[in-house]
Each structure stands twice: as C-alpha cells, then as structure tokens.
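Line by line, the protein sequences are chains A and G. For what it's worth, the working numbering labels the leading residue of the first sequence as 41, then goes sequentially. For what it's worth, the working numbering labels the leading residue of the second sequence as 5, then goes sequentially. C-beta atoms are modelled at their ideal positions from N, C-alpha and C, and glycine is treated no differently. This report concerns only the one structure given below.
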Amino acid sequence: MKNYDVCCFTGNWPFRKIHKGKMSDLIAEHKKNGISGGLVGCLDSVFYNDPVEGDEEVCNEIIAAGYSFAAAANPTLTGAIDDLDIIRNKLHASAVRLYPSDHLYSLKSPEVVEYCKKAGEMGLRVIITVRTEDIRIDYCFKQGSVAVAELAYLAKECPGTKFLFSNIFIGEIFAIADAVNSLDNVWVDMARFNHYLFALEKTLEKIKAEKIIFGSGFPLLTMKCMLLNVEFAEIPEATKNMIMSENYERFMK
Amino acid sequence: MSIEKRRVIDMHTHIWLPHYKEDREELIKASEVYGINKIIISPLSGYYPEVDELALLNRLATETVRMRPDLFDAYVYLNPRHENTVDVLRKGIEEDGKVGVKLWVATFCDDPLTYPIYEECIKYDVPVLIHSFIKTVGQLEYETRGNHVHNIAQRYPEAKLIMAHLSSNCYHGIKAIRNDKNVWVDFCGSIYRQDDLDYTVRQIGTDRILYGTDMPGSFVTNYGQVLEADITEKQRDDIFYGNAAKLFNRLNLK
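Here you go:
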C-alpha cells in the first residue's frame, strides 16, 4: 500500500526563508516517513501576478518524480478560466489550488463558482486553501478570513467538481460537518489538526473516515506533526489506511 | 509505521476551569499513550483572575499533583496585581511543593509589580514560566513580548526565566533574548512552522530549549517538531528531558 500527502509544496515563501523548499527535499522527507506520492503545489506562484509563470517552472519536475501537480490559481484574475486549458493540457495539473485568504475574494462570487464548475468539467480537482499561515503571525501582509459556510455553498453549487478543503481547522470542519459528511464531492485534509489532544480521534467522532486525507503542509509546516497524529491515534489500522492512502486514491480517481 | 518514544518532561501544560477534571484525565491518558514521564501543569481560567479564583486554581493544581505525584508537578500561578502575591508564592513553594511560577497576561512580565516575584524566585532557585506572544491580531493589553522578557532578564540576571511559545513568532521573539543566558524558551502551542525550531537552534543552540506542549492542546505537534529538527540525538534528548531536568531543581523525577 502506498501512502500519500495531499497537501505539500515546493518553492519559496515571501515572508520567511524556506530551508527545505526543493522538490528533492520533499521527496527525501517523504521517503523518511514512508510516503511515496502526493499532490504538490508551488509556493512561489501564490503571489505572482500570473501564477502560471511560476507553475511552469516546477510542474515537469514534480510530475517526473511521480507526484501529481496542483496549479496555483486565482479565479478572479482576467483570463483565469481560459488558463484552465493551459493548466490541464500544458502543465498537466491534476488540480487547481485556490488561496482565497491571500487573494482576498469570496467563494460565493459568481466568477469563482463558474471557475470551479469549469475546472470540474475538465477533470481538475479544486483545493481551497483556507489559510496559508496562522493569522496571528502574519507579517507584512494580513490574510483575509474564509467563511466556512462559503465552502459548503461552493461545493453544493458545483456538484460535478471534487473539492478538498485544505488547512482547515477542526472546529471549522465541525461547523460544516453535515455538508462534509453528506456531499460526495468534498474531502478535508488534516494539515491543521493541531489544536487538541487526540485530534484525529475527536474528528472521527463527527466526520466520516472516508472524508479525511493526510496532508502535511510541508515545507510551511512540519511533516511529522500530522503524521504522528495518525501514527499515535487509537483507531483501527483500516481507518489509518483510508486516511493515508485509500481516500487520496478516491479523490484522485 | 513505527512510533518513537522518548523520555519526556512536558514543562508547559494546563488544566483549565471549569473543565479541569476532564483536562486532568486527558493529560493522564496522554502520558500513557505517548509515554510522558513528567507533566508540569499550571491552572488557568480568565485573563485577570481575582484573589479567590487564583487561590482555587492553585488548590486544584496542588490536588492534581497529590493525586499523581509520580506524573504531575505544578507551577504556582500568580497575578502580580494582587497584594498577597508573595505570600501565595511562598505558600506554593514551601507548603505545596510547587516547582516554579507561572505568569500569564495580567501584567507585562517586566512591570514593577512583578519585581518581588523574581526576587523570591531567585531565593528559592525556581524558574518563572512567562507567557509570551507577539500577535498581528488579538494582542492582549498586557501580553508579554520578547523585549519584556529581555528587560527582566537584564534586571535580574540570577533569575531563571522561561519565554514560552518562542513568543509565537520566533523571528521576532528569539532575537530579543538570544544573548540573555538566563532565559530558556519553549516552543509549545499551535504554531508549528517547519523551520521554527531549527531557526531557534541556529540563534541560541539547544541548551536553553525546553519541551512543552500546551496540553490539553496537541502533544504530537511539538513532538513532531523535535523529531524533525536538524539536530543530534543527544540534542533531541536534551530538549525532551535533559534541559528541564537540569533547570527545575525541585522536580519529583522518581
């Protein structure tokens, strides 16, 4: 069985030095921790006026390493919908990763809904990055907040699109638990399952196991933190396998 | 998957009112699941506790230690604004066997109201755990930052001070105290950026880094940070256990 990381990145971050930002660093860290694949985004692209330019630089290396690529996207940019063709057919991305807390837009805006519908029609998954950093330590630039009700709204509006709610807090998942559990097109990653003791066990009391996918947030976050959440969890091995492997495969199918 | 368990002193944890009993049970369960040798608690409730509330909190901490002295030790929690602060401190150390002092957000840690506390702690040779947090949103009126810790470290070079949470944003917290050899740090809490611990090691080495988790917040978050840091196994052991064992000379480690 192969373990996957649905939330990982390469590249640089404008607010602090990333010491393990190369693709080779990610592969090495994954190898040390028994992970052999995943969905990788490019950090540099997040703040580029044209994210495609950043993604072009790294997509080939990511895919050649046997990983899948998640292109950074801002649906409110001019030409964003047209760029989906490039993202799908030239960059060979499997997903688009949106950053509404950094790009400061509402998930209910018509252009975002249209973009996500179109992405789904083209077979691209949509990852909503609820936050990139803890807002308490923002530097130079303050992130906006993503209203969790808008996550559920967007997923309902685009039933043909597969969504991953990424970097979402457990409390936020609980606030939309009905939607997460009932909508077939929604998954969450566990990159921010950090606020409680026995966080995974507590989440599984309210959220179906098939909805949770392992994600580390590396190299912005520490790989081992969320991995230990799974390893130490007092849950059946079958559930751990779902989180580390099977759910990712269903999401990527 | 293999789980790596170490000797661990978790020197920064809490029991909170009103759910302190549930917190206590969770801490005990955590010690069993994760193999924690010693948990040092401080009892907390509101930001600015009154005299009676503080007395209750300190009693609950004493009660917790007496339940499981093999597992728990505790800080005396103080509000420097109270006139009886030094009496509370003395009772906590001498009668209740507390191993240090906890200061939270009732005053900045360098407010003159705190001076008698450090003077007593120097006499008892016990550390002071100082909450320190730099926030871009939600900074509290008297929430200590790294520069406040530095001020008190300079005023009382014999005091043993612990700047908690790396002051949240290590890039702004650590440099304030990096030359203050009487300041230790913990990196506990919900901020677990990949490079925070390595950055701290680059700035101050590992001898002044202690392992805390802020339980009943996550334990594994900070555990993972130590396992992933670019340091030697000896340095890992020092952070998990050795540095705290040296610093807290009143710990019950049997």
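I'd like to know if residue i contacts chain A, where contact means its C-beta is closer than 7 Å to some C-beta of that chain.
i	result
residue 29(G)	no
residue 173(G)	yes
residue 140(G)	yes
residue 34(G)	yes
residue 232(G)	yes
residue 5(G)	For residue 5(G), the pLDDT reaches just 45, beneath the cut-off of 50, and the residue's location in the model is therefore unreliable, leaving the point undetermined.
Output needed for residue i: all residues of its chain with C-beta closer than 6 Å, excluding positions within five of it in sequence on either side, in chain order.
i	result
residue 76(A)	42
residue 21(G)	49
residue 227(G)	none
Mind checking if residue i is an interface residue toward chain G, Cβ cutoff 7 Å exclusive?
i	result
residue 234(A)	yes
residue 24(A)	The structure shown does not extend to residue 24(A), since chain A spans only 41 to 293, so no value can be given for it.
residue 120(A)	no
residue 272(A)	yes
residue 268(A)	yes
residue 239(A)	yes
residue 265(A)	yes
residue 259(A)	yes
residue 201(A)	no
residue 262(A)	yes
Opposite residue i in the DSSP bridges: which residues?
i	result
residue 106(G)	81(G), 133(G)
residue 204(A)	167(A), 227(A)
residue 110(A)	81(A), 135(A)
residue 73(G)	DSSP lists no partner for residue 73(G).
residue 167(G)	134(G), 189(G)
residue 243(A)	DSSP output for residue 243(A) lists no bridge partner at all.
residue 46(G)	18(G)
residue 213(G)	189(G)
residue 149(G)	For residue 149(G), which the question treats as bridged, DSSP gives no partner whatsoever.
residue 44(A)	77(A)
residue 56(A)	53(A)
residue 219(G)	17(G)
residue 253(A)	229(A)
residue 258(A)	48(A)
Which residues in the same chain have their Cβ closer than 7 Å to the Cβ of residue i, if we skip the five residues on either side of it in sequence?
i	result
residue 158(A)	121, 124
residue 253(G)	129
residue 217(A)	246, 247
residue 147(G)	109, 137
residue 239(G)	210
residue 263(A)	69, 73, 256
What residues in its chain sit with their C-beta under 8 Å from that of residue i, if we drop five residues either side in the sequence?
i	result
residue 150(G)	136, 138, 167, 171, 176, 177, 178, 179, 180, 181
residue 38(G)	9, 12, 223, 224, 227
residue 84(G)	107, 110, 111, 115, 117, 118, 121
residue 230(G)	201, 215, 240, 243, 244
Three CB pairs or more closer than 8 Å across the region 209 to 218 of chain A and the region 172 to 184 of chain A: no
Tell me which residues of the region 175 to 188 of chain A have at least one Cβ-Cβ distance to chain G shorter than 7 Å, keeping chain order. 175, 176, 177, 178, 182
Do three or more CB pairs link the region 198 to 209 of chain A to the region 114 to 125 of chain A at distances below 8 Å? no
Which of the residues in the region 111 to 138 of chain G, read from start to end, lie with their CB under 7 Å from any CB of chain A? none
Contact residues within the region 214 to 230 of chain G, judged by C-beta distance below 7 Å to chain A: 219, 220, 221, 222, 223, 224, 225, 227, 228, 229
Are the region 32 to 43 of chain G and the region 70 to 82 of chain G touching by the rule of at least three beta carbon pairs closer than 8 Å? yes
Count Cβ pairs between the region 43 to 52 of chain A and the region 193 to 203 of chain A that sit closer than 8 Å; are there 3 or more? no
Between the region 51 to 67 of chain A and chain G, which residues of the former have a C-beta closer than 8 Å to a C-beta of the latter? 56, 57, 58, 59, 60
Chain A contacts made by the region 170 to 198 of chain G, where a contact means CB separation under 7 Å: 172, 173, 175, 194, 195, 196, 197, 198
Can you find at least 3 beta carbon pairs, one from the region 208 to 228 of chain G and one from the region 244 to 258 of chain G, that sit closer than 8 Å? yes
Would you check if the region 50 to 57 of chain A and the region 83 to 90 of chain A touch, i.e. whether three or more CB-CB distances between them fall below 8 Å? yes
Near-chain A residues of the region 68 to 92 of chain G - C-beta to any C-beta below 7 Å: none
The region 162 to 177 of chain A touching the region 144 to 163 of chain G, judged by at least three CB pairs closer than 8 Å: no
Scan the region 200 to 213 of chain G for residues whose Cβ lies nearer than 9 Å to a Cβ of chain A and list them as they occur along the chain. 200, 201, 202, 203
Three or more C-beta pairs below 8 Å linking the region 249 to 256 of chain A and the region 56 to 64 of chain A: no
So, do the region 198 to 208 of chain G and the region 225 to 238 of chain A have three or more beta carbon pairs nearer to each other than 8 Å? no
So, does the region 181 to 197 of chain G touch the region 270 to 283 of chain A, judging by three or more C-beta pairs under 8 Å? no
Just by C-beta distance, which residues in the region 38 to 69 of chain G are closer than 7 Å to chain A? 38
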